[in-house]
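Residue numbers (the working numbering), protein chains in the order written: chain R, 1 to 292; chain X, 1001 to 1338. Note that the Cβ used here is the ideal one computed from N, Cα and C, for glycine as well. Fair warning: this is a prediction, and the values are worked out from it, not measured in the lab. This report concerns only the one structure given below.
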Amino acid sequence: MIRVYLEGSAGIGRQDHQNAMYRPAFAAHPAFELVTDKDKADVVSVAVALDRRAETIADAIRAGKHVLADKPLAATLAECEEIGRLAAERGVLVVPAHHQRFSPALRSAATAVRGGRVGLPWNVQCDFLVAGGDPAPTGELVNLALYPIDVVHAMLGLPVRRVHAVGDPDLVTLLVDHEHGVTSTILCGRIAELADVRSSGLAVHRYRVSGSHGVLAVDAAKPALRVSTAAGTTGRWTGPSTVDALLDVLAAGVRTGRAALGVADAVHAQRVVEAAQLSLDTGAPVPLESEN
Amino acid sequence: MEPRSVPSSIGILLVGAGFIADVHSAAVAASSRAHLAGIVDADPGRAAAFARSHGAVPYTVDLAEALAWPNVDAVVVCTPNDTHRRIGAQVAAAGKHLLIEKPLATTLADARALAAEFAAAGRVLVAAHSHRHHAYGRAVKEAIEAGAVGRPRHARLAILGGWIWTGWDAWAADPVRSGGHALHNGVHVLDLVTWWLGGDPVRVFARGRRQTAAELRIYDYLEMVVEYADGAVSVCEMSRAHRPGSFGLRELLVTGTGGVIRQDWDGESSFLHTEGGTGLVPAAGGDGFTAQFESWLDAIGGAPSAMPVADAVRAVELGVAVEESIASGRPVAVGAAA
Ligand SMILES: NC(=O)c1ccc[n+]([C@@H]2O[C@H](COP(=O)([O-])OP(=O)(O)OC[C@H]3O[C@@H](n4cnc5c(N)ncnc54)[C@H](O)[C@@H]3O)[C@@H](O)[C@H]2O)c1
């Protein structure tokens, strides 16, 4: 059994992903057991406030622990890169909680795209709209956008060359240029509470991948049932939990020394988010020369 | 506008008897207020054939001659985009009303000149932005105006296809004759979404591809992003670049302060499952060409136009900005901000 210590129960705004998501998932997962003594832990699950997150993760790494980090991994790109450097030096895993990429429809989609099913992809369009819940005091660009950025990254695996952003941090449109002239567009934000979506649930979450030989249209709200009652129609999820899948990746990583999701993915997302922020501030597209 | 006295049946001259002329002549035939008075086409064979199959109406290759026919009251123009400026000027000078296919013109200066000429002549000029009259276009506008989703903050509209132009010599694929794809088809989406949002465009950012062939001279895929004065944003896609060639999709998503309006690719269709795969069977009756024609007749009678000239000029301005933005890779200011 892999021993896990839960560090912190904070996040952006009033978020408590530790108790709402990670604790129950670790408790139920066959590969993990929760411990209360940090020294005895193999993994530290970090969900502290964003301004303390990088430092807490660094301490865990220095103590030789693997880390599951609530998202975003850290408040700045520089901190994300420093975490990557430190983790490589100490030979531990740091897995950022980009769990949306493990949504079952998106896992299949990434496999299909990487397997050439649409030929050479040339454009991705994404809508990622959360309904209701607490607006992030940081703006949703910092809070939510990394999810679709990460999904597109998982599908394309292509470095980003330029980022333009329009709208505002609560409902932002990201216009991303990747290597090989591939483009992606992400609409991301938080909208009003809706009758048929649970609070903070995804009202729209979909991707269209256009390629030289075909088109893949993915609705990440599937697999689901539609349940209609006097109160309205809601979707009832029938797929595996994305957080369970995240823990599977962490467990496999601890066993093998390699995880399918790591600091490099958080660095990628944070780089795009910071470029988008700069683009919103300046009104101009922001080139990213250094991404590889 | 003042009510205007109009003949009990308005005589329509149709100019350009090509692909889109059929839907316009069908709208004329379906109307109780108008009749086809004649045909003009630069190609005499086409003019003759079209005239013969439409009740043996008079035809000619000479627009000036046809404009002088006594029973011509108004003109529908369905000719290639680069001819709109000159043909429009002739119609204005002859004092006839005009329904002209989109784009109004291929440059902003030409569009403004046509607007000025019709204003001076006191005649009705309408550009055929037909999507405003299609059932879905109207339904989205009505839902927004009824406040169904609060203040609209974002709109997406994608009209994607895989059918490429007929050949290298197709005028639509010639950037000089068509104005480029942003002017040719992009204006449909740009106008519709801007009308939905009721927005005042301030900036355009666009990306284009030549996907089907590197040698294409126009972008078969366009992604056109418009920012509005109130902070709203639209993402408009127009494509002939998708594969398979049979691909056809329209989808829309409007995000407002109070909810979302959405129509997915299958939103007006049934599915037909056959040995060849699954296809769509669109519901009947959503087409807007008849409504567009009747609305133009209403405007000729003095009603406010459903497609004001200023909006047609603005669509050209947006299309031109799209081409500029793709060329420069930068956002382009439009409207008062330009
Ligand atoms: N609203 C829509 O959905 C829609 C769809 C297709 C085309 N259009 C527009 O309709 C117009 C015509 O397109 P089309 O696809 O029918 O083209 P087309 O090439 O099929 O037909 C054009 C016709 O105009 C004739 N012509 C060319 N120059 C002329 C001139 N100077 N005087 C008289 N006749 C002339 C040609 O001989 C031909 O018969 C274009 O402006 C196009 O943008 C609109």
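Which runs of the beta strand (DSSP E) spanning at least 3 residues fall entirely within the region 145 to 175 of chain R, listed in chain order?
160 to 168
Run through chain B and tell me which residues come within less than 8 Å of T173(R), C-beta to C-beta.
As a matter of chain content, chain B is missing from the structure shown, whose protein chains are R and X.
Run through chain X and tell me which residues come within less than 9 Å of W122(R), C-beta to C-beta.
The sequence position of residue 122(R) within the first sequence is 122, counting from 1. Going along chain X in sequence order, the residues near W122(R) (Cβ under 9 Å) are R1209, Q1211, Y1221 and A1241.
Inspect the beta-carbon positions of H268(R) and H153(R) and report whether they are closer than 8 Å.
Against the first sequence, residue 268(R) aligns to sequence position 268. Against the first sequence, residue 153(R) aligns to sequence position 153. For H268(R) and H153(R), yes; Cβs fall inside 8 Å.
In angstroms, rounded to a whole number, what distance separates the CA positions of I186(R) and A78(R)?
As a working note, residue 186(R) is residue 186 in the first sequence. As a working note, residue 78(R) is residue 78 in the first sequence. CA-to-CA, the gap between I186(R) and A78(R) works out to about 24 Å.
Can you tell me the Cα-Cα spacing of L216(R) and L156(R), whole angstroms?
Position 216 of the first sequence holds residue 216(R). Position 156 of the first sequence holds residue 156(R). Spanning the two alpha carbons is a distance of roughly 13 Å.
Quick check on this structure: which residue in V1225(X), R1314(X) and V1193(X) has the alpha carbon closest to the alpha carbon of P1331(X)?
In the second sequence, the residue the question calls residue 1331(X) occupies position 331. In terms of CA proximity to P1331(X), V1225(X) leads the group V1225(X), R1314(X) and V1193(X).
Measure the C-alpha to C-alpha separation of V46(R) and L68(R) and round it to an integer number of angstroms.
Counted from its first residue, the first sequence places residue 46(R) at position 46. Counted from its first residue, the first sequence places residue 68(R) at position 68. So the alpha carbons of these two residues sit roughly 6 Å apart.
Could you name the residues of chain R that P1244(X) contacts, counting a contact when the two beta carbons are closer than 9 Å?
Here the question's residue 1244(X) lines up with position 244 in the second sequence. Against chain R, the beta carbon of P1244(X) has neighbours under 9 Å at H213, G214 and V215, listed in chain order.
If you follow the beta strand (DSSP E) that F128(R) is in, where does it begin and where does it stop?
Start at 1 with the first residue of the first sequence, and residue 128(R) comes out as number 128. Here the beta strand (DSSP E) through F128(R) covers P121 to A131.
Can you confirm whether the region 100 to 117 of chain R touches the region 240 to 258 of chain R when touching is taken to mean that 3 or more C-beta pairs between the two stretches lie within less than 8 Å?
yes
For the structure I just gave you, are there three or more beta carbon pairs, one from the region 1305 to 1315 of chain X and one from the region 1096 to 1115 of chain X, closer than 8 Å?
yes
Between T1083(X) and ligand 1, is the CB less than 7 Å from at least one heavy atom?
As a working note, residue 1083(X) is residue 83 in the second sequence. Indeed, a heavy atom of ligand 1 lies less than 7 Å from the Cβ.
Minimum length 3: unbroken beta strand (DSSP E) runs contained in the region 1019 to 1074 of chain X
Here the runs fully enclosed are 1034 to 1040.
Taking the alpha carbon of N1071(X) as the reference point, which residue from D1264(X), V1006(X) and L1318(X) has its own alpha carbon closest?
For the purposes of this step, residue 1071(X) is taken as residue 71 along the second sequence, with counting starting at 1. Of the candidates D1264(X), V1006(X) and L1318(X), the one whose C-alpha sits nearest the C-alpha of N1071(X) is V1006(X).
Does any C-beta atom of chain X lie closer than 8 Å to the C-beta of S103(R)?
Residue 103(R) sits at position 103 when you count from the first residue of the first sequence. It does not; no Cβ of chain X falls within 8 Å.
Residue of P72(R), Y22(R) and R198(R) minimising C-alpha distance to I149(R)
As a position in the first sequence, residue 149(R) is number 149, starting the count at 1. Of the candidates P72(R), Y22(R) and R198(R), the one whose C-alpha sits nearest the C-alpha of I149(R) is P72(R).
State yes or no: is the C-beta of G1018(X) nearer than 7 Å to some heavy atom of ligand 1?
Within the second sequence, numbered from 1, the residue matching residue 1018(X) stands at position 18. Within the cutoff, so yes.
Taking C-alpha atoms, which residue in S241(R), A224(R), A192(R) and S279(R) lies nearest to V176(R)?
As a working mapping, residue 176(R) is identified with position 176 in the first sequence. Of the candidates S241(R), A224(R), A192(R) and S279(R), the one whose C-alpha sits nearest the C-alpha of V176(R) is S279(R).
Report yes or no: do three or more beta-carbon pairs, one from the region 223 to 242 of chain R and one from the region 1167 to 1175 of chain X, lie closer than 8 Å?
no
With a threshold of 8 Å, are at least 3 pairs of Cβ atoms found where one atom belongs to the region 1201 to 1213 of chain X and the other to the region 1119 to 1126 of chain X?
no
Chain R partners of F1205(X), CB-CB under 9 Å?
Numbered from its first residue, the second sequence carries residue 1205(X) at position 205. Under the 9 Å cutoff, chain R gives H164, V166, L175 and P285.
Nearest CA to the CA of E1251(X): which residue from G1258(X), V1235(X) and R1243(X)?
Within the second sequence, numbered from 1, the residue matching residue 1251(X) stands at position 251. In terms of Cα proximity to E1251(X), the closest of G1258(X), V1235(X) and R1243(X) is V1235(X).
Let me check understanding here. Comparing Cα to Cα, which of G1167(X), A1120(X), Y1059(X) and D1062(X) lies closest to E1215(X)?
Taking the second sequence and counting its residues from 1, the one referred to as residue 1215(X) is at position 215. When C-alpha distances from E1215(X) are compared across G1167(X), A1120(X), Y1059(X) and D1062(X), the shortest belongs to G1167(X).
Beta-carbon of L1253(X) versus every beta-carbon of chain R: anything under 8 Å?
Locating residue 1253(X) in the second sequence gives position 253, where the first residue counts as 1. It does: the Cβ of L1253(X) has a partner Cβ on chain R nearer than 8 Å.
Terminal residues of the continuous beta strand (DSSP E) containing I1144(X)?
Working through the second sequence from its first residue, we reach residue 1144(X) at position 144. Element bounds for I1144(X): not the beta strand (DSSP E) but the alpha helix (DSSP H), A1135 to E1145.
So, with DSSP's three-state summary, where would you put T1278(X)?
Residue mapping note: residue 1278(X) aligns to position 278 of the second sequence, counting from 1. The three-state secondary structure of T1278(X), taken from DSSP, is strand.
Run the CB neighbour count on N1081(X), radius 10 Å, all protein chains shown included, and call it buried at 16 or more, exposed below.
For this step, residue 1081(X) is matched to residue 81 along the second sequence. It counts as buried.
Distance cutoff 8 Å, beta carbons only. Does V1341(X) sit that close to anything in chain R?
Within the shown structure, residues of chain X are numbered from 1001 to 1338, placing residue 1341(X) beyond reach of any answer.
In this structure, how does DSSP classify V263(R) when only helix, strand and coil are distinguished?
Start at 1 with the first residue of the first sequence, and residue 263(R) comes out as number 263. Three-state result, V263(R): helix.
Taking just the CA atoms, how far does D70(R) sit from D16(R)?
Along the first sequence, one-based indexing puts residue 16(R) at 16. Along the first sequence, one-based indexing puts residue 70(R) at 70. So the two alpha carbons sit approximately 10 Å from each other.
From S212(R) to I1218(X), what distance separates their C-alpha atoms?
What you label residue 212(R) is simply residue 212 of the first sequence in a count that begins at 1. What you label residue 1218(X) is simply residue 218 of the second sequence in a count that begins at 1. Whole-angstrom Cα-Cα distance: 18 Å.
State whether the region 35 to 44 of chain R contacts the region 2 to 9 of chain R, with contact taken as three or more CB pairs (one from each stretch) at a distance under 8 Å.
Yes: the two stretches touch, three or more of their Cβ pairs being nearer than 8 Å.
Using a 10 Å radius around the Cβ and a threshold of 16 neighbouring Cβ atoms, would you call P1044(X) buried or exposed?
Counting from 1 along the second sequence, the entry for residue 1044(X) is found at position 44. So P1044(X) ends up on the exposed side.
Cβ pair A74(R), A88(R) closer than 8 Å
By 1-based counting over the first sequence, the position of residue 74(R) is 74. By 1-based counting over the first sequence, the position of residue 88(R) is 88. The answer is no: Cβ separation not under 8 Å.
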